[in-house]
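Student: Input: one structure, supplied below.
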Amino acid sequence: AQSVTQLGSHVSVSEGALVLLRCNYSSSVPPYLFWYVQYPNQGLQLLLKYTTGATLVKGINGFEAEFKKSETSFHLTKPSAHMSDAAEYFCAVGYSSASKIIFGSGTRLSIRP
Amino acid sequence: DTEVTQTPKHLVMGMTNKKSLKCEQHMGHRAMYWYKQKAKKPPELMFVYSYEKLSINESVPSRFSPECPNSSLLNLHLHALQPEDSALYLCASSQITGTSGRDTQYFGPGTRLTVL
Numbered sequence: 003a004q005s006v007t008q009l010g011s012h013v014s015v016s017e018g019a020l021v022l023l024r025c026n027y028s029s030s031v032p033p034y035l036f037w038y039v040q041y042p043n044q045g046l047q048l049l050l051k052y053t054t055g056a057t058l059v060k061g062i063n064g065f066e067a068e069f070k071k072s073e074t075s076f077h078l079t080k081p082s083a084h085m086s087d088a089a090e091y092f093c094a095v096g097y098s099s100a101s102k103i104i105f106g107s108g109t110r111l112s113i114r115p
Numbered sequence: 131d132t133e134v135t136q137t138p139k140h141l142v143m144g145m146t147n148k149k150s151l152k153c154e155q156h157m158g159h160r161a162m163y164w165y166k167q168k169a170k171k172p173p174e175l176m177f178v179y180s181y182e183k184l185s186i187n188e189s190v191p192s193r194f195s196p197e198c199p200n201s202s203l204l205n206l207h208l209h210a211l212q213p214e215d216s217a218l219y220l221c222a223s224s225q226i227t228g229t230s231g232r233d234t235q236y237f238g239p240g241t242r243l244t245v246l
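Just so you know, the protein sequences line up as chains A and B, in that order. With this note's numbering, you'll find the first sequence wraps up at 115, consecutive numbering, no jumps. With this note's numbering, you'll find the second sequence wraps up at 246, consecutive numbering, no jumps.
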């Protein structure tokens, strides 16, 4: 079965430090990959997505992710964390054969002053 | 404009009440979705409408009744809900490109539902 795994339900980093949120998918067919962010009591906002082409994808708010087929990964990074980055982050995967996307369980990002 | 609006923001209802949630988008998207999200969990798909027709029902109980009156509007009618139905209900919309899994879903802010 196709699935997506986010390693680490909670990640805490210091302000100014590197942010790394991990996402791995399982599939034998090409995936479409998404990162969404959810701030408290709000809906989900698209950060970035990978469909085809360049494997390094740049998104909003200084985030980027790299699609690595050999590692079946799509990790999210940001060079320098801001307090405003504190939120829940969801990785999601879609496939051309499926009519819905599959969400990971989410990672809560906390930023220490 | 990538905005999906939802009303109301908050709703408290008793188990015998009938209420409706409303979702609207003006991006020309022809697919619309309802999700349910419990605290600290990812969204769970409930329904999908494509070209105003119900295309996916994820075995949702009949006390939830979706309706898509036109291409911009999506309603969720609620009746005889249970306390465990309390959650954040999210609406989303997307273009239909012919490759569903690639279509980016744009989410509304959600309706926080409490069932007493």
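Backbone N, C-alpha and C fix where the C-beta goes; we use that ideal spot for every residue, glycine too.
Can you give me the C-alpha to C-alpha distance between leucine 208 of chain B and isoleucine 62 of chain A, rounded to a whole angstrom?
Tutor: For leucine 208 of chain B and isoleucine 62 of chain A, the distance between alpha carbons rounds to 36 angstroms.
Student: Kindly provide the ranges of any beta strand (DSSP E) runs that are 3 or more residues long and lie completely inside the stretch 68-98 of chain A, ordered along the chain.
Tutor: Qualifying beta strand (DSSP E) stretches, in chain order: 75-80 and 89-96.
Student: Mind listing, in chain order, the continuous beta strand (DSSP E) runs of no fewer than 3 residues lying wholly within the stretch 175-207 of chain B?
Tutor: Complete beta strand (DSSP E) runs here, min 3: 183-187 and 194-200.
Student: Taking only beta-carbon atoms, is serine 112 of chain A less than 8 angstroms away from chain B?
Tutor: No, serine 112 of chain A lies away from the interface with chain B (no Cβ there is under 8 angstroms from its Cβ).
Student: Could you check if histidine 84 of chain A is buried or exposed, using at least 16 other CB atoms within 10 Å of its CB as the buried criterion?
Tutor: Under this definition histidine 84 of chain A is an exposed residue.
Student: Would you say glycine 10 of chain A reaches chain B, if we count a Cβ-Cβ gap shorter than 8 angstroms as a contact?
Tutor: Chain B, which has no Cβ nearer than 8 angstroms to the Cβ of glycine 10 of chain A, makes this no.
Student: Please determine, among A/Val15, A/Gln4 and A/Tyr34, the residue with the shortest C-alpha to C-alpha distance to serine 86 of chain A.
Tutor: Checking every option, the nearest Cα to that of serine 86 of chain A belongs to A/Val15.
Student: Evaluate glycine 144 of chain B with the Cβ neighbour count: other Cβ atoms within 10 Å of its Cβ, from every protein chain shown; 16 or more gives buried, anything less gives exposed.
Tutor: With fewer than 16 Cβ atoms within 10 Å of its Cβ, glycine 144 of chain B is classed as exposed.
Student: Helix, strand or coil: how does DSSP classify arginine 232 of chain B here?
Tutor: Correct three-state label for arginine 232 of chain B: helix.
Student: Considering valine 15 of chain A, what are the terminal residues of the beta strand (DSSP E) in which it resides?
Tutor: Residues 12-16.
Student: Roughly how many whole angstroms lie between the Cα atoms of alanine 169 of chain B and glycine 228 of chain B?
Tutor: Roughly 33 angstroms between the two C-alpha positions.
Student: Starting from leucine 48 of chain A, find everything on chain B with Cβ-Cβ shorter than 9 angstroms and list it in chain order.
Tutor: Going along chain B in sequence order, the residues near leucine 48 of chain A (Cβ under 9 angstroms) are Thr132, Thr234, Gln235, Tyr236 and Phe237.
Student: Report buried or exposed for glycine 238 of chain B, applying the criterion of at least 16 other Cβ atoms within 10 angstroms of its Cβ.
Tutor: Classification of glycine 238 of chain B: buried, given that the 10 Å Cβ count is 16 or more.
Student: Given a cut-off of 8 angstroms on the beta-carbon distance, is the pair alanine 67 of chain A and tyrosine 52 of chain A in contact?
Tutor: Yes, the pair counts as a contact, with Cβ atoms nearer than the cut-off.
Student: If we ignore side chains and look at the alpha-carbon of each, how far apart do arginine 114 of chain A and glutamate 17 of chain A end up?
Tutor: Each residue's Cα considered, the two are about 6 angstroms apart.
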